[in-house]
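There are 2 protein chains.
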Amino acid sequence: MVAKTERKVFYFGNGVAEGHELGKELLGGKGFGLHVMTHLGIPVPPGFTISTEECTAFMHKGAISEAVQSEARAALARVESAVGAKFGDHENPLLLSVRSGARASMPGMMDTVLNLGLNDQTAQALAKKSGSERFSLDAYRRFITMFANVVMGIEREPFEHFLSEARYKSGARDDATIPAEQLREVVARGKEYFQKRTGKPFPQDPWEQLWESIGAVFHSWNNDRAKVYRKTYAIPDHWGTACNVQAMVFGNVGDDCATGVCFTRDPSNGERRFFGEYLPNAQGEDVVAGIRTPLKITARDARAAGADSSLESAMPECFGELVAMQEKLEKHFHDMQDIEFTIQHGKLWLLQCRNGKRTMRAAVRIAVDMVSEGLIDKSDAVLRVEAGRLSELFLPRLDATDAKEAEKKGLFLAHGLPASPGYAAGEIVFTADEADRMANQGRAVILVRRETSPEDIHGMKAAKGILTATGGLTSHAAVVARGMGKCCIAGCSSLTVDYANETLTVHRASDTVVLKKGDKITLDGTAGRLYRGELPVSAAATDDHFEQVLQWADEVRTLGVRANADTPTDARNAKRFGAQGVGLCRTEHMFFEADRIAAVREMILADSEATRRRALEKILPMQQQDFEGIFTELAGLPVTIRLLDPPLHEFLPEHEEDLRALAKDMGVAFEVLSRRNEALREFNPMLGHRGCRLAITFPEIYEVQARAIAQACVSCQKAGVAVLPEVMIPLVGARTELAALRTLVEKTMDAVFESAGVRVAYLVGTMIELPRACVVADQIAEVADFFSFGTNDLTQTTWGLSRDDAGRFLPAYVEKQMIPGDPFASLDTVGVGALMRMAVAKGRGTKSKLKIGICGEHGGDPASIAFCAEIGLDYVSCSPFRVPTARLAAAQAALGRKGSETN
Amino acid sequence: MVAKTERKVFYFGNGVAEGHELGKELLGGKGFGLHVMTHLGIPVPPGFTISTEECTAFMHKGAISEAVQSEARAALARVESAVGAKFGDHENPLLLSVRSGARASMPGMMDTVLNLGLNDQTAQALAKKSGSERFSLDAYRRFITMFANVVMGIEREPFEHFLSEARYKSGARDDATIPAEQLREVVARGKEYFQKRTGKPFPQDPWEQLWESIGAVFHSWNNDRAKVYRKTYAIPDHWGTACNVQAMVFGNVGDDCATGVCFTRDPSNGERRFFGEYLPNAQGEDVVAGIRTPLKITARDARAAGADSSLESAMPECFGELVAMQEKLEKHFHDMQDIEFTIQHGKLWLLQCRNGKRTMRAAVRIAVDMVSEGLIDKSDAVLRVEAGRLSELFLPRLDATDAKEAEKKGLFLAHGLPASPGYAAGEIVFTADEADRMANQGRAVILVRRETSPEDIHGMKAAKGILTATGGLTSHAAVVARGMGKCCIAGCSSLTVDYANETLTVHRASDTVVLKKGDKITLDGTAGRLYRGELPVSAAATDDHFEQVLQWADEVRTLGVRANADTPTDARNAKRFGAQGVGLCRTEHMFFEADRIAAVREMILADSEATRRRALEKILPMQQQDFEGIFTELAGLPVTIRLLDPPLHEFLPEHEEDLRALAKDMGVAFEVLSRRNEALREFNPMLGHRGCRLAITFPEIYEVQARAIAQACVSCQKAGVAVLPEVMIPLVGARTELAALRTLVEKTMDAVFESAGVRVAYLVGTMIELPRACVVADQIAEVADFFSFGTNDLTQTTWGLSRDDAGRFLPAYVEKQMIPGDPFASLDTVGVGALMRMAVAKGRGTKSKLKIGICGEHGGDPASIAFCAEIGLDYVSCSPFRVPTARLAAAQAALGRKGSETN
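Chains as they are written, first to last, in our numbering: chain A, 85 to 987; chain B, 85 to 987.
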């Protein structure tokens, strides 16, 4: 779309648009919209666009080039002739607006200067021409304020103060009724203040005003709020903004004037109805300021709101034109439009059109409706819905209005990582046991921990939500919470958790809030925001439109989508959300159930193989039962079961008193238990005795797990349930490890099948989660039926970065642009991705049809899914609640979209 | 050398040797020696060799092939005709020895059968032929015992018992004087016992005896002690052994008979003199058994030992022949030979020759002498000395005899990892402070810890040696000890260290030994063996031969050798051992000095940049002073200084009481300190907030370090000391990190140079120690002047394996052949090495002359050094005490040797 051109300035006006085919890259969103509207014959105040290329050049040179100035002068001459007024003229002055407009919408982030061209002379001319000195002075004082603020960086408050004083002195009801005399003083004081602050008089030369304002607009690309916005929405810094210079029109020069905003469809629910609000006799900024209550545009909406007047009834001719134009624009852009308009003396002007922001609910509905209407096809519909936000549809969340209200009341406490989306409110508890106990009494609780550990699982289950002070997006709390579909804020670093005194201290900029056990808090897991008290929740649910979009997604995607599911309940959720199997069943999670942990601890503390086997035999029927449950829920679908992975000490109690109790229960001396516990402790457990290393030292652990799987297969198959088990060995770094354990698993399972007289086909494969596994993937593939990337661990080792500790510096890293984003949230495709690519190439070099998937947390992240599709994986696996997201992202990847850009 | 051939059997005898050009791969060391000797006209009892290929085939089929049997029969016929006797003949029977012989020498590891061919008939014939029934019966009973043991796996003890009883009954002084009558009973009882245990009579068919014995020799390749030996000496399992079948000669059939072993030079000090021992009228095994004291071969040695007789005096003719033959053999093989011989009725036979084992001292001297003698050239000399054992020459160590003695007395306590070579004896202490205190009183102490931490440095310095219960070869204790050239045994897992009660409990197979503070122990760091009490040490020193070999090494090597040196003392050692600069100066080690740690802790606990800066400014002059010291020691040589690397919490005290004391010292509330301490704690410190990540969050740390370096440069340069500083940034994973910190370092250093009016050229580079750094090495190279591989960390992250925790399962891994060896001791060239290769290629792709080195522990390991040379590194850097090893290994690499195979 970008035609590389020498020209930097493009004229539009009176049906002629030089840039209607140049696109947003060069003209910015706003500029391109103006050119297209002009080209479509829609009335747009004439003007010209200075391209984004000049913004980039300006940033380097610090000045607008002579060439561009000369192009702009020529374009402005065309504007003058189209409007029939002259810039800086003392009789019939042309006034201009100067606005930014980047490629992506960045609402309110950058600067605008209105009424440019006014000075002491032209203001008098405007008064004469408009017949209203008040209007002219009001425009002039607005211009002075904006110019001072935008161009000179002077805060607005003193200027607002002059106005307030004028209103007070004159006894006017509102700004609009301040008489001209007082406004004249406001203008005078404004100019005086300007000189005091800048040491120069307010510029009277319109050309000086223009060049300074254009420069300021370009500069505003790098103001702080624009930079923050870009970081939040991943907009590249090098894009730059275009600058639109346009003839002013006024909605505030009489009762035949108005200004408003409208949408071609309802942006909150997606309903197909023209919808909007306006204010008669007002400027655009008055609508935004919210001082006057806007009126409805359609008569229907007005009636529904119990109001008499609407644009439809008050200005039927303009209304008719507006309806026609919005239809034309939606048809042209094939998307819902957000339109700004002004009516000046009964003449309708469109000032902006763009694809309208919308809720997820509306996005889905509009996409589906537009397919029925023939406006877009199914692929467009699939691409229109932002995969990363899809879960908003089926998770309860805080209403934006309620959240704002709460903030006003000072209830907002802290910001953390949005670890698991959703909403939760309840009483603070500090221990898993307490959470369990209170939940059993029917109370809603929030489990607050510095960080959770596997010991806390029962408490996390019992709680409505989880809040931690440390840990990142893939910390234990975050991963488990997402797996449970439970709201969680992690790494909330302004909190201090004091277990001993059972208090939660929140260090806010302004004050310190101490909360205690039983106090109520509310978590917004979607935004990572914590509130005091119990805020209301807005329920949400999926609908037919949602199912329709996912069905279309399934039609186009080639990447399979499985779910990570550790229990039959997880498996049921996975099925409900459309998973095509289980990509990761973590057997250790089964070990933490209250009735099992005792046997598990016996196993760990065993001092001989025989004792260990005895304990394992107790665990076997429990595991078997779980596997049967999962197989049954997902009958006929593949289920990947990962054998025991974490270091054994994770299963032991953390505190001395718990250890003492355990010793008593087990009839073992505390000292013995304590010594064993000590011996199991590791300096860097992530890099320790875990995964397949456990089974190399204690083969009986995997042997018993393999038997449990095989026995579950037998009993399911006998019950008529088709099983497709895939046994996965974790943390393999060398072919030898997998070869040895594969033999063990096969020997064990085959023996069970033989003695039961049953034939069950099964696969044995491995996680690829160490850099070494990627490097020697060709060798490992010799003994693997499948690979599954464990990208959490692979990211940790490739970066040498523990996900549990990264919270301490990763935010600063992102802030300082050391890395583009949290590599645990979205795959580091350059580093980790290169190793994955290598593993795929080497693995398939050995076995061309090798099945390869991913079961790390990245399996639910749209950008990561796009990468997985690109490198040729067969499937992704993610938390059940992220399965719809993955299905959609997979379809978008198939349709060629990289990442999850918003439309 | 290996000619792939259909033939598997090769005859030698009477000057004809079919295999004298086939080499050890096919014939094994012993077989090849026999063929070569025969070819050289040296008298060797005729026989034939079955090749190693047949061993491999035998392992698969479990039987000797028909073809080989037929070849063997043909070869045996030639032996019969050469000897003039017939196998199994009842008049003139040929007796055979059947011996293993692998490519590499594995002394005593595999099995031998002698006197084969004897049965009830041939024994009578032998009695008649030799004129001694006693001799014949003794040979028969030896054969029965060996056959039963080697072929049938029956223990030797019952057979020895029959002999003892016979001796007792006959009242004989020793076995050699037991009369025939009693021996006849020994033979009868042996055959009876054989039948009882095997259910079959003792085989009377000589051919059956032969095939069974050959099979047993092949099988012995896989006996347990052979497997252990191969693992220890890295001999591949697939090599297999050859089998030598040879006519028996006897050194025990009269006073004109003898048997002995000799060396062409002195194997203990390398002196050029013929040297050996023998026994008249004896079999080879009698020499080994050590029942009779052997006599000297030369008259000179006999005189020196105060003995009358020598081979020279007793059998001058044979002696003369032997002297001529040993000269011929040394000339032929160009190496010191170890020769076995037997004299039967005045006729000298050589039974074996091989390159003789020797001490390091002898190896060096022999290599140098042989160059002077024109036997080998300098390159050969460089290749002849085993680089990995070089440090034995300049570290004190236990004498082998003393060690054996101690073991006999039950003083051997435990086996651990040989973490740092050398010897140390002293009193047990359990804390670094205690070590310091007692050392100041002039007492020799051994610091015993579960594991050391940087807090223990002063105690490690004070101690004679360090003993830890956990940790691997690159644990803190091991790395620091090697750096200090101090003896250390790490990961001694049969120990329990009880700090509270100040006891060290050693769990031995037989008993449990409890030692307490002040008890004396001795460490053999070279062998990783711990003894009770204080054992004597044998001093050692380098000599001119040593310097000569290293000088030759320096002439051929292309790889530079630097040292890791953290202090001026280290730097002095580095220089002494020939380092060409410092490859790694760890600035954090400077932080632990007693007078600095307070300032360091202040820095860490600072709650603002300003406070942190104040503390850092106190550290600056100390660091500057260190740098000046190091620069001065290594004037004109490059010094690579790594900026702060470890996580900050490593500098904080570990125990509450220490923390309380610190709080008091610093005037900070204990609670505040404790909270900060807690906040700094990490789940996986290796993967945490460390390395350049510290400087991204707290740039002032590196800024102050850079200033200290620059100021040291200025003051040295002004003092006329040439400086070549290379500033190294650790733990870089992305180009952005290095780019930002490079800018910081340059800005800081340039400012110092400018204000001092001094020009100092310096480099800024990075460690490559994360897999990601390898993957994006092309990008990182854009902003790096050099790379230095940190292979300790790179191995940790590539394998996902913490060196501190690996001790728990790595031994089992090696044992079960999951990995070829400890990847922290010798580079995993397949996995880690592949990433290094990638980094070199990518880095040099960006900058073709990029300087690349290695500063991980592998820089001192010969096999790893060979790999570094292969992938084109510029230099290796290692502990000062390993510098000679590295120089030699680098030369060997240049001469094309892979790894550190012994010759």
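Don't be surprised by glycine CBs; every beta carbon is placed ideally from N, CA and C.
State yes or no: is the C-beta of P364(B) within less than 8 Å of the C-beta of A342(B)? Yes, the Cβ-Cβ distance between P364(B) and A342(B) is below 8 Å.
For P287(B), does the three-state DSSP call read helix, strand or coil? Looking at P287(B) - three-state DSSP - the assignment turns out to be coil, as it is neither helix nor strand.
Within 8 Å, strictly: CB atoms of L822(A) and V788(A): The Cβ-Cβ distance between L822(A) and V788(A) does not fall below 8 Å.
Local conformation of W323(A) per DSSP, three classes: Coil.
Residues of chain A with CB closer than 7 Å to the CB of M454(B), please, in chain order. Under the 7 Å cutoff, chain A gives no residues; its nearest Cβ is about 42 Å from M454(B).
Bridge partners of Q279(A), per DSSP? DSSP output for Q279(A) lists no bridge partner at all.
Ignoring anything shorter than 3 residues or poking outside the region 157-204 of chain B, list the beta strand (DSSP E) runs there in chain order. Entirely contained in the region 157-204 of chain B, the beta strand (DSSP E) runs reaching 3 residues are, in chain order, 180-186, 196-200.
By DSSP, does E621(A) sit in helix, in strand, or in coil? Glu is not the amino acid found at residue 621(A); the sequence shown has Val there. Note: V621(A) maps to strand in three-state DSSP.
For the region 347-359 of chain A, list every residue whose C-beta sits within 9 Å of some C-beta in chain B, in sequence order. Sequence-ordered contacts of the region 347-359 of chain A with chain B are nonexistent [C-beta pairs closer than 9 Å].
Can you check whether the CB of G575(B) is closer than 8 Å to the CB of L501(B)? Taking 8 Å as the Cβ cut-off, L501(B) and G575(B) qualify as a contacting pair.
Report the three-state DSSP secondary structure of H104(B) (helix, strand or coil). Reduced to three states, the DSSP call for H104(B) is coil.
Comparing alpha-carbon positions, which option in H629(B), Q208(B), F132(B), L432(B) lies nearest F478(B)? Taking each of H629(B), Q208(B), F132(B), L432(B) in turn and checking the Cα distance to F478(B), the smallest one comes out for H629(B).
Element boundaries [beta strand (DSSP E), containing V513(B)]: Run containing V513(B): 507-513, per the beta strand (DSSP E) assignment.
Is the Cβ-Cβ distance between Y897(B) and I813(A) less than 8 Å? Their beta carbons are not under 8 Å apart, which means Y897(B) does not touch I813(A) by this criterion.
Coil, strand or helix - G644(A) by DSSP: In this structure, G644(A) counts as strand in the three-state DSSP scheme.
Going residue by residue through the region 533-600 of chain A, where are the continuous beta strand (DSSP E) segments of at least 3 residues, counting only ones entirely within it? Taking only runs of at least 3 residues, the beta strand (DSSP E) segments lying wholly in the region 533-600 of chain A are 549-552, 571-574, 579-582, 587-591, 596-600.
A546(A) and A509(A): beta carbons closer than 8 Å? In terms of Cβ geometry, A546(A) and A509(A) do not form a close pair [threshold 8 Å].
Can you find a C-beta in chain E that's less than 8 Å from the C-beta of I681(B)? Absent from the structure: chain E. Protein chains present are A and B.
Shortest alpha-carbon distance to A471(B) belongs to which of P946(B), G956(B), I955(B), M236(B)? Nearest option by C-alpha distance: P946(B).
Quick one: what does DSSP say K412(B) is sitting in, helix, strand or coil? It is helical.
Could you name the residues of the same chain whose beta carbon sits closer than 6 Å to that of P505(B), not counting the 5 residues immediately before and after it, in chain order? Result list for P505(B): S475, L479, G609, T610, in chain order.
Taking the alpha-carbon of K488(A) as reference, which of G146(A), L614(A), R91(A) has the nearest alpha-carbon? Relative to K488(A), the option among G146(A), L614(A), R91(A) whose CA is nearest is L614(A).
Check the Cβ-Cβ distances between L771(A) and every residue of chain B, and say whether any is below 8 Å. Judged by the 8 Å Cβ criterion, L771(A) is in contact with chain B.
For M851(B): DSSP bridge partner residues: BP columns for M851(B) point to S872(B).
Determine the burial state of E355(A): buried for a count of at least 16 other Cβ atoms within 10 Å of its Cβ, exposed for fewer. The residue is exposed, with fewer than 16 neighbouring Cβ atoms inside 10 Å.
Separation of V93(B) from V152(B), as counted between CA atoms: Rounded to the nearest angstrom, the two C-alpha atoms are 7 Å apart.
Which parts of the region 717-749 of chain B are runs of the beta strand (DSSP E), unbroken and 3 residues or longer, counting only runs that do not cross its ends? Counting whole runs of 3 or more residues, the region 717-749 of chain B contains the beta strand (DSSP E) stretches 722-726.
Does DSSP put P968(B) in a helix, a strand or coil? Assigned with DSSP and collapsed to three states, P968(B) falls in helix.
Under the three-state reduction of DSSP, which class applies to M902(A): helix, strand or coil? Three-state DSSP puts M902(A) in coil, outside helix and strand.
Please classify K170(A) as buried or exposed, where buried requires at least 16 other C-beta atoms within 10 Å of its C-beta. K170(A) is buried by the Cβ-count criterion.
Could you pull the DSSP bridge partners for E810(B) from this structure? Looking at the DSSP assignment, E810(B) forms a beta bridge with T724(B), L847(B).
Mapping the DSSP letters down to three states, classify S984(A) as helix, strand or coil. Confidence is the limiting factor: at S984(A) the pLDDT is only 37, short of 50, which leaves the residue's position unreliable and the question unanswerable from this model.
Within the same chain, show all residues whose beta-carbon is closer than 6 Å to that of A840(B), passing over the 5 residues directly before and after it, in chain order. Excluding residues up to 5 positions away in sequence, V798 lie with their Cβ nearer than 6 Å to the Cβ of A840(B) in the same chain.
Reduced DSSP category for H499(A) - H, G, I as helix; E, B as strand; rest coil: In this structure, H499(A) counts as strand in the three-state DSSP scheme.
Return helix, strand or coil for N233(B), following the three-state DSSP convention. In the three-state scheme derived from DSSP, where H, G and I count as helix and E and B as strand, N233(B) is classed as helix.
Three Cβ pairs or more, each shorter than 8 Å: is that satisfied between the region 857-877 of chain B and the region 815-831 of chain B? Yes: at least three Cβ pairs fall under 8 Å.
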